[in-house]
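By the numbering used here, the letter at position 19 of the sequence shown is numbered 19, and the numbering carries on one by one without gaps.
C-beta atoms are modelled at their ideal positions from N, C-alpha and C, and glycine is treated no differently.
On a predicted model such as this, the values are computed, not experimentally measured, just so you know.
Here's the structure, in structure tokens; my notes come after.
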Amino acid sequence: MAKKQYDLLFKLLLIGDSGVGKTCILYRFSDDAFNTTFISTIGIDFKIKTIELKGKKIKLQIWDTAGQERFHTITTSYYRGAMGIMLVYDITNAKSFDNIAKWLRNIDEHASEDVEKMLLGNKCDMAERRVVSRERGEKIANDHGIRFLETSAKANIQIDKAFYDLAEAILDKMPIKNEGMKQPTIRPAEPQSNVAIGRLSCC
């Protein structure tokens, strides 16, 4: 039998409105790539990346969800079993920030109680178009007891830190003897390609 190439498997989820940069964040982290012509994710997609953290090889299975309401039923089914969830808004789009309250409710309704959460204010490189202050992001994060970072997939600002910090938070909640833990059973759906429907955007 082939030796397992990792010690732990963490399932992470990216949620937020369409166009806030979820796919760009994912590809920047997984492939160190950025493409301005990414289009709205259809349903759900995922990438895998293995990292080393505190002496452990951790396989991150990162799910990128569609932000459009018509995919709500599909995407919320993936909340179950998620160990970490990143809520993403666009600092140049006030509505995407206002809708974070809705995404938090979705987590409360569909995810496990102990899921680790992180709020990301994306596109922080676009300071001249900012409409959501850093302080507002920090406040909603503090009010809900979750971590907060401002990121830029385009400029590669704090993308790695976001994933490593979330993975570390999950790891720290685990029993000391991680080796004896049973890995969560995850049955990936057929990955769906990001086929163009509608406008081009980085979602």
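> residue 132 and residue 83 look like a contact to me (Cβ under 8 Å); what is the Cβ gap, rounded to whole Å?
Replying inline: Contact doesn't hold; Cβ gap of about 27 Å is too wide.
> To the nearest angstrom, how far is it from the Cα of residue 129 to the Cα of residue 4?
Replying inline: 47 Å
> Got a sec: is the Cβ-Cβ distance from residue 58 to anything in chain D below 8 Å?
Replying inline: Although the question refers to chain D, the structure presented lacks it and comprises just one protein chain.
> Who does residue 64 pair with in a DSSP beta bridge?
Replying inline: 14 and 45
> Which residues does DSSP pair with residue 53 in a beta bridge?
Replying inline: 56
> Can you check whether the CB of residue 61 is closer than 8 Å to the CB of residue 44?
Replying inline: no
> What are the partner residues of residue 99, as DSSP defines its beta bridges?
Replying inline: Residue 99 pairs with nothing; no bridge assigned.
> First and last residue of the alpha helix (DSSP H) that includes residue 29?
Replying inline: 22-31
> By the 10 Å Cβ neighbour count, where 16 or more other Cβ atoms means buried, how is residue 177 classified, buried or exposed?
Replying inline: Its pLDDT being 45, under 50, residue 177 is placed unreliably in this model, and the coordinates cannot settle the point.
>> By DSSP's criteria, residue 149 is part of a beta bridge. Which residues make up the other side?
In response: 120
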